[in-house]
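The numbers in the sequence shown follow the UniProt record's numbering, run straight up by one, and end at 915.
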Amino acid sequence: MEGALTARDRVGIQDFVLLDETTETAFLSNLKKRFSKDLIYTYIGTLLVSVNPYKELDIYNKKQMEIYMGVNFFELPPHIYALADSAYQTMLTEFNNHFILISGESGAGKTEASKKILQDKMLMSNPVLEAFGNAKTLKNDNSSRFGKYMDIQFDSQGDAQMGLERDCQHYNYLTQGECAIVSSINDRNDWKTVKNALQIINIDEINTNHLFGTVASVLHLGNVQFDSDSKGHALLNNNNAELRWVSNLLGVDAHSLQEGLTYRKIEAKNEQVLSPFTTDHAIYARDALAKAIYGQTFTWLVNKINESMENKDNSRKTWEPVQFFNNKIICDLVEDKYRGIITILDEECLRPGDASDLTFLERLEEKMGNHPHFVTHKLADKMTRKTLERGDFRLLHYAGEVTYCVVGFLDKNNDLLYRNIKDLIGQSKNAIVKECFSSTDPDSRRRPETVATQFKSSLLKLTEILMAKEAWYIRCLKSNESKQPGQFDEALIRHQVKYLGLMEHLRVRRAGFAYRRKYEVFLKRYKPLCPATWPHWRGVPADGVEVLVQHLGYMPNEYKMGRTKIFIRHPRTLYATEDAYERCKHELATSLQAKYKGYKAKGEFKKQKEAATKIETCWRGVQARKERDKRAWAVKVIKKFIKGYMNRGQLKNTDNSEYLAFVRQNYLNRLKGNLPKTVLDKTTWQTPPAVLAETSEILRLLHYRLMVRKYVRGITPQKKAQLQLKLLTSSIFKGKKESYPQSIAQPFVDTRISEQEINMRVLQTIRNEHIKYGVPVIKYDRNGFKPRPRQLVLTQTAAYVIEEAKIKQRVLYTSLKDISVSNLTDGIIVLHITCEDPKQKGDLLMQCDHLFEFLTKLCFIANKQNSVKVVQGSIKIEIQAGKESAVDFSLGQEPMVFKAKNGHLMVVATRARTR
Numbered sequence: 001m002e003g004a005l006t007a008r009d010r011v012g013i014q015d016f017v018l019l020d021e022t023t024e025t026a027f028l029s030n031l032k033k034r035f036s037k038d039l040i041y042t043y044i045g046t047l048l049v050s051v052n053p054y055k056e057l058d059i060y061n062k063k064q065m066e067i068y069m070g071v072n073f074f075e076l077p078p079h080i081y082a083l084a085d086s087a088y089q090t091m092l093t094e095f096n097n098h099f100i101l102i103s104g105e106s107g108a109g110k111t112e113a114s115k116k117i118l119q120d121k122m123l124m125s126n127p128v129l130e131a132f133g134n135a136k137t138l139k140n141d142n143s144s145r146f147g148k149y150m151d152i153q154f155d156s157q158g159d160a161q162m163g164l165e166r167d168c169q170h171y172n173y174l175t176q177g178e179c180a181i182v183s184s185i186n187d188r189n190d191w192k193t194v195k196n197a198l199q200i201i202n203i204d205e206i207n208t209n210h211l212f213g214t215v216a217s218v219l220h221l222g223n224v225q226f227d228s229d230s231k232g233h234a235l236l237n238n239n240n241a242e243l244r245w246v247s248n249l250l251g252v253d254a255h256s257l258q259e260g261l262t263y264r265k266i267e268a269k270n271e272q273v274l275s276p277f278t279t280d281h282a283i284y285a286r287d288a289l290a291k292a293i294y295g296q297t298f299t300w301l302v303n304k305i306n307e308s309m310e311n312k313d314n315s316r317k318t319w320e321p322v323q324f325f326n327n328k329i330i331c332d333l334v335e336d337k338y339r340g341i342i343t344i345l346d347e348e349c350l351r352p353g354d355a356s357d358l359t360f361l362e363r364l365e366e367k368m369g370n371h372p373h374f375v376t377h378k379l380a381d382k383m384t385r386k387t388l389e390r391g392d393f394r395l396l397h398y399a400g401e402v403t404y405c406v407v408g409f410l411d412k413n414n415d416l417l418y419r420n421i422k423d424l425i426g427q428s429k430n431a432i433v434k435e436c437f438s439s440t441d442p443d444s445r446r447r448p449e450t451v452a453t454q455f456k457s458s459l460l461k462l463t464e465i466l467m468a469k470e471a472w473y474i475r476c477l478k479s480n481e482s483k484q485p486g487q488f489d490e491a492l493i494r495h496q497v498k499y500l501g502l503m504e505h506l507r508v509r510r511a512g513f514a515y516r517r518k519y520e521v522f523l524k525r526y527k528p529l530c531p532a533t534w535p536h537w538r539g540v541p542a543d544g545v546e547v548l549v550q551h552l553g554y555m556p557n558e559y560k561m562g563r564t565k566i567f568i569r570h571p572r573t574l575y576a577t578e579d580a581y582e583r584c585k586h587e588l589a590t591s592l593q594a595k596y597k598g599y600k601a602k603g604e605f606k607k608q609k610e611a612a613t614k615i616e617t618c619w620r621g622v623q624a625r626k627e628r629d630k631r632a633w634a635v636k637v638i639k640k641f642i643k644g645y646m647n648r649g650q651l652k653n654t655d656n657s658e659y660l661a662f663v664r665q666n667y668l669n670r671l672k673g674n675l676p677k678t679v680l681d682k683t684t685w686q687t688p689p690a691v692l693a694e695t696s697e698i699l700r701l702l703h704y705r706l707m708v709r710k711y712v713r714g715i716t717p718q719k720k721a722q723l724q725l726k727l728l729t730s731s732i733f734k735g736k737k738e739s740y741p742q743s744i745a746q747p748f749v750d751t752r753i754s755e756q757e758i759n760m761r762v763l764q765t766i767r768n769e770h771i772k773y774g775v776p777v778i779k780y781d782r783n784g785f786k787p788r789p790r791q792l793v794l795t796q797t798a799a800y801v802i803e804e805a806k807i808k809q810r811v812l813y814t815s816l817k818d819i820s821v822s823n824l825t826d827g828i829i830v831l832h833i834t835c836e837d838p839k840q841k842g843d844l845l846m847q848c849d850h851l852f853e854f855l856t857k858l859c860f861i862a863n864k865q866n867s868v869k870v871v872q873g874s875i876k877i878e879i880q881a882g883k884e885s886a887v888d889f890s891l892g893q894e895p896m897v898f899k900a901k902n903g904h905l906m907v908v909a910t911r912a913r914t915r
């Protein structure tokens with residue numbers, strides 16, 4: 001949000017919450033300004049408003065995705081990627097469910113918005129869903145005729161498992177489209193795309209042919225025509241070619257199909273009677289069959305897509321009330337269980353007698369005549385009647401009035417498919433059709449649900465799902481009716497803003513405060529504006545923000561301090577702060593630049609001065625002293641060295657005394673600089689000259705005694721205990737386990753788990769026992785060898801296996817029979833527990849990264865050093881009384897632990913590295 005404040009005059013406000021005026025005119029003006037710059041996205045808090053530009057914009061490429069990935073929601077300009085990434089990141093950090101609700105009228109870009117969010121395999125289902133579930137309407141060349149609810153499950157790593165549910169069951173009868181050519185759609189390219197998409201979602205060639213055959217059967221079924229005989233009964237006309245095509249495509253008997261379309265089978269007292277249809281009833285049966293086949297096929301297609309996409313592998317402040325229309329009264333008017341429009345419609349469809357659309361309207365007037373949001377021609381005043389036909393009724397929604405015509409309500413709501421036709425289609429040789437109708441119970445006498453009831457149930461189910469999730473909203477707006485790029489129809493936009501409730505949402509978001517930010521974020525951005533907070537504020541962020549706003553001169557009625565956030569009432573206050581911040585940035589840049597240049601120049605000057613001084617000092621006397629000292633030293637040394645060397649074998653005398661003193665001094669100096677550092681070092685003692693051999697041996701013994709004395713005096717009680725434990729480790733493992741040499745130089749620690757890391761409930765349970773040692777381990781289940789991270793705590797009497805706040809197992813040292821480890825470099829430990837202890841289920845199998853330290857501590861505390869067994873090849877373990885298994889060990893390139901095919905636990909260890 002803050003990053004775009006400087007560009008507000010050029011591209012409008014990126015968040016409507018920051019508008020100075022919350023009027024509808026200001027809202028539309030800001031929307032138009034941004035639309036003119038191809039900025040189709042604007043925020044209302046966390047709600048995203050999207051205006052359909054009717055053209056391709058270069059804002060959906062991979063680079064844009066990477067820019068918005070993992071970025072704060074308000075850090076970059078509004079974008080659908082920002083909303084999608086914020087919902088995803090919030091889900092991963094807060095571990096709760098989220099949904100994104102995309103709404104708007106037909107042609108506003110809802111489907112395209114969902115595509116931009118789901119840039120994955122789900123996209124390959126879109127060509128199929130659009131091909132079978134979309135149609136051209138007056139407002140949209142490619143309008144979705146079904147509702148989509150896409151449910152994406154994420155695992156703990158953030159990987160997606162996707163699914164799709166068909167929500168609203170609404171299909172256009174194919175033959176009534178009355179539009180074979182649409183200028184904006186390329187049928188040839190789309191046909192190739194659909195066939196490719198069918199392959200990607202794992203629909204084979206046989207099912208593809210059956211799918212196209214099913215669609216063709218619906219088309220031919222629409223061409224079947226009926227005549228009537230003298231009694232008014234329906235007959236097929238002379239041309240039966242269309243019926244034969246349908247029967248062949250569906251794989252059913254042509255005569256049975258003809259009978260099903262012209263007769264109804266009635267069962268009475270175990271007898272079946274064929275009742276002939278009138279022409280109207282035959283047409284109704286034909287249409288019902290076509291819709292049922294297409295609807296069930298679409299459901300089958302959705303299920304196939306879902307199968308292909310399965311993954312195998314809070315601020316404390318007083319809020320101000322906002323007035324808005326509560327639409328619950330309208331919802332109750334439509335779906336109330338006893339007096340709702342849907343309930344009355346279903347009752348009218350089911351009641352005996354001559355029910356019609358007009359009798360349905362009369363029932364509505366009788367039941368809802370006094371409702372303030374329901375009007376008909378009969379109930380309306382004189383002025384309103386001029387806008388209503390006698391078969392109309394009107395609902396007064398919060399966003400405007402909607403008029404409905406009751407003609408066809410009953411027929412469309414029934415949508416019945418007669419039983420004999422269902423039985424016939426269930427015997428189809430077309431695999432898809434047979435699968436779609438195979439779930440029908442032939443013995444069921446229950447009347448199928450009406451279309452309105454199905455629609456209501458679907459919406460209730462969807463509402464239950466959404467109420468359990470956190471909401472994110474995208475409101476799609478249609479920029480113009482002619483679908484032309486660059487056109488902004490203000491009247492049309494104003495209407496959509498009203499019925500989508502955007503102004504109400506804006507007023508709720510404002511609620512008296514246009515801006516809210518966490519103290520840390522606000523202080524980090526604006527701290528340069530106050531000397532007391534720049535460059536670092538050492539105290540509590542809330543106090544720092546208080547100091548900052550006082551320095552900026554905020555009035556008390558312009559802001560509020562919450563528990564974790566600051567709230568600023570008017571956008572102009574924030575704009576003034578942001579403008580001051582922009583000016584301050586230039587001043588800070590200049591100051592930093594000057595300080596850096598001065599620092600760099602000063603450092604260079606110091607270097608040059610030091611260099612000149614050194615050169616001058618060295619050069620003054622180096623030449624004279626060098627020559628003099630060199631010659632004097634050379635004469636003296638050469639003279640003494642020659643005499644001493646010539647008499648070196650003699651007893652000490654005047655000729656060799658200085659030479660021998662030189663040799664002695666030289667040897668002692670070399671010895672002083674190369675004395676052994678440790679008692680264990682036996683090889684670095686300097687080789688002495690022959691005359692100093694006895695002296696050298698005396699010095700060597702004296703030096704080693706001194707080192708031993710110094711080392712012994714420097715050993716602390718803790719170090720002594722450490723060495724005793726190391727000695728115990730050596731007695732148990734030296735020469736037996738390959739990884740022991742690498743463990744010698746690693747000091748033991750008192751414990752690997754502090755008491756603060758152990759749950760308080762566990763500490764309360766073992767409060768009477770002193771904790772001696774703790775270490776994290778991986779415990780393997782006795783059945784299945786599933787690894788589970790645990791804490792292992794040793795006390796003076798028992799070992800405890802802990803899972804968070806629960807003690808999973810307590811092993812008394814008196815119940816500990818043996819301890820087994822392998823001779824390889826692995827960390828597997830088996831604690832063999834005696835069968836006499838009824839509280840124990842079997843041996844304890846663990847893996848520990850600090851094996852030597854743990855076992856040494858255990859043996860020292862429990863006095864079990866003689867119970868440790870280092871075995872080779874395999875360790876037998878007792879899973880439960882009378883049942884055994886084993887842990888097998890082998891060498892390999894990489895360490896692994898897994899359950900082998902023989903049911904044993906297989907441990908692969910690497911070879912120990914030699915030093």
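Even glycine gets a Cβ: it sits at the ideal position worked out from N, Cα and C. Everything numeric in this text was worked out from a predicted model, so none of it was measured.
{"query": "What is the C-beta distance between residue 342 and residue 453, in whole angstroms, given that I count them as a contact (C-beta under 8 Å)?", "result": "7 Å"}
{"query": "Specify whether the stretch 54 to 70 and the stretch 544 to 551 touch according to this definition: at least 3 beta carbon pairs, one from each stretch, less than 8 Å apart.", "result": "no"}
{"query": "Return the residue from the list 40, 271, 66 and 260 that minimises the CA-CA distance to residue 78.", "result": "40"}
{"query": "Reducing DSSP to helix, strand and coil, say where residue 98 ends up.", "result": "strand"}
{"query": "Of all the options 191, 896, 781 and 895, which has the alpha carbon lying nearest to the alpha carbon of residue 878?", "result": "781"}
{"query": "Determine, using beta carbons only, whether residue 655 and residue 673 come nearer to each other than 9 Å.", "result": "no"}
{"query": "Contact between the stretch 816 to 825 and the stretch 772 to 791 is defined here as three or more beta-carbon pairs at a separation below 8 Å; is this criterion met?", "result": "no"}
{"query": "Give every residue of the same chain whose Cβ lies closer than 7 Å to the Cβ of residue 904, excluding the five residues on either side of it in the sequence, and list them in chain order.", "result": "885, 886, 887 and 888"}
{"query": "Given a cut-off of 9 Å, decide if residue 692 and residue 711 are closer than it, judged by their beta-carbon atoms.", "result": "no"}
{"query": "Can you round the beta-carbon distance between residue 762 and residue 805 to whole angstroms, since I take them to be within the 8 Å contact cut?", "result": "6 Å"}
{"query": "Along the chain, where does the alpha helix (DSSP H) containing residue 432 start, and where does it finish?", "result": "431 to 437"}
{"query": "Give the range of the alpha helix (DSSP H) segment to which residue 66 is assigned.", "result": "62 to 68"}
{"query": "Residues in the same chain with beta-carbon distance under 7 Å from residue 827, minus the five sequence neighbours each way, listed in chain order, please.", "result": "847, 848, 849 and 851"}
{"query": "How would you label residue 16, buried or exposed, when you count the other beta carbons within 10 angstroms and need 16 or more for buried?", "result": "buried"}
{"query": "Return the chain-ordered list of same chain residues with a C-beta closer than 8 Å to the C-beta of residue 180, the five sequence neighbours on each side being excluded.", "result": "Confidence at residue 180 is low in this model, with a pLDDT of 43, below 50, so its placement is unreliable and no value can be given for it."}
{"query": "Per DSSP, which one or two residues make a beta bridge with residue 226?", "result": "236"}
{"query": "With distances taken Cα to Cα, identify the nearest neighbour of residue 280 among 550, 229 and 508.", "result": "229"}
{"query": "Quick check on residue 774: does DSSP put it in helix, strand or coil?", "result": "strand"}
{"query": "Label residue 12 either buried or exposed according to how many other C-beta atoms from any shown protein chain fall within 10 Å of its C-beta, with 16 as the threshold for buried.", "result": "buried"}
{"query": "Three or more C-beta pairs closer than 8 Å, one from the stretch 696 to 704 and one from the stretch 715 to 734: is that the case here?", "result": "no"}
{"query": "Between the beta-carbon of residue 225 and the beta-carbon of residue 205, is there less than 9 Å?", "result": "no"}
{"query": "Give me, in chain order, the residues of the same chain whose beta-carbon lies closer than 8 Å to that of residue 784; leave out the 5 immediate sequence neighbours on both sides.", "result": "899"}
{"query": "Would you list, in sequence order, the uninterrupted beta strand (DSSP E) runs of no fewer than 3 residues that lie entirely inside the stretch 777 to 857?", "result": "787 to 795, 798 to 803, 806 to 812, 816 to 822, 828 to 833 and 844 to 847"}
{"query": "Report the three-state DSSP secondary structure of residue 654 (helix, strand or coil).", "result": "coil"}
{"query": "Does the separation of the CB atoms of residue 581 and residue 569 fall below 9 Å?", "result": "no"}
{"query": "Take the Cβ of residue 844 as the centre, count every other Cβ of all protein chains shown within 10 Å, and call the residue buried at 16 or more, exposed below.", "result": "buried"}
{"query": "Can you give me the Cβ contacts of residue 175 inside the same chain, cut-off strictly under 6 Å, excluding the 5 residues immediately before and after it?", "result": "In this prediction, residue 175 scores a pLDDT of 38, lower than 50, which makes its location untrustworthy; no coordinate-derived value is stated."}
{"query": "Going by DSSP in three states, residue 625 sits in which element: helix, strand or coil?", "result": "helix"}
{"query": "At which residues does the beta strand (DSSP E) containing residue 869 begin and terminate?", "result": "868 to 871"}
{"query": "Between residue 572 and residue 96, what straight-line distance do the alpha-carbon atoms span, to the nearest angstrom?", "result": "36 Å"}
{"query": "For residue 709 and residue 658, what's the separation of their Cα atoms in angstroms?", "result": "36 Å"}
{"query": "Out of curiosity, what's the CA-to-CA distance linking residue 109 and residue 367?", "result": "39 Å"}
{"query": "When DSSP labels each residue in this structure, what does residue 271 get in the three-state scheme?", "result": "strand"}
{"query": "Applying the 10 Å Cβ sphere with the 16-neighbour rule, what's the burial state of residue 23?", "result": "exposed"}
{"query": "Can you grab the Cα-Cα spacing for the pair residue 371 / residue 282, in whole Å?", "result": "40 Å"}
{"query": "Tell me whether residue 887 sits in a helix, a strand or coil according to DSSP, three-state version.", "result": "strand"}
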